[in-house]
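Position 97, counted from 1, in the sequence shown is what UniProt numbering calls 97; the numbers after and before it change by one each time, with no gaps.
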Amino acid sequence: MDFYRNLSVKDWASLLPFGVACVAVGFGVKTLLDKQLGTAVNLSVRKSESKVADSVDIEDIGKQAVFCRCWRSSKFPYCDGSHNKHNTLTGDNVGPLIIKKKE
1 MDFYRNLSVK
11 DWASLLPFGV
21 ACVAVGFGVK
31 TLLDKQLGTA
41 VNLSVRKSES
51 KVADSVDIED
61 IGKQAVFCRC
71 WRSSKFPYCD
81 GSHNKHNTLT
91 GDNVGPLIIK
101 KKE
């Protein structure tokens with residue numbers, strides 16, 4: 001701790017460019033990673049497939065079916081409520097797709 005107290009204004013001024021460079025590099029890396037990681041919506045559902053597509057026969061639905069739109073459900077394509085945690089963590093507002101038969 002005494003090391004920092006003994007630095008003069010000139011010493012601090014000479015360290016400033018290094019500090020600014022570190023912040024700039026850190027910000028650049030963070031921005032790059034955010035762009036690469038932020039583009040994927042599906043983080044875990046059948047990642048070995050090139051495209052995830054599901055179909056459900058309307059006759060199999062019964063009165064209603066609730067489908068996941070957040071890609072976090074362990075019962076995908078059906079909703080298990082995982083969007084609630086996702087919304088809390090990210091500030092998002094995604095909810096399920098609810099399909100009902102007309103009465």
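The beta-carbon is built from N, C-alpha and C at its ideal position, and this holds for glycine as well.
Small disclaimer: the values here were computed from a predicted structure and weren't measured.
* Asked: Terminal residues of the continuous alpha helix (DSSP H) containing Lys-85?
  -> 82 to 90
* To do: Could you tell me which residues DSSP puts in a beta bridge with Val-66?
  => Ile-98
* To do: State the Cα-Cα distance for the pair Thr-88 and Glu-103, rounded to the nearest angstrom.
  => 35 Å
* To do: State buried or exposed for Cys-22, treating a residue as buried only when at least 16 other CB atoms are found within 10 Å of its CB.
  => exposed
* Please classify Phe-27: is it buried, with 16 or more other beta-carbons within 10 angstroms of its beta-carbon, or exposed? => exposed
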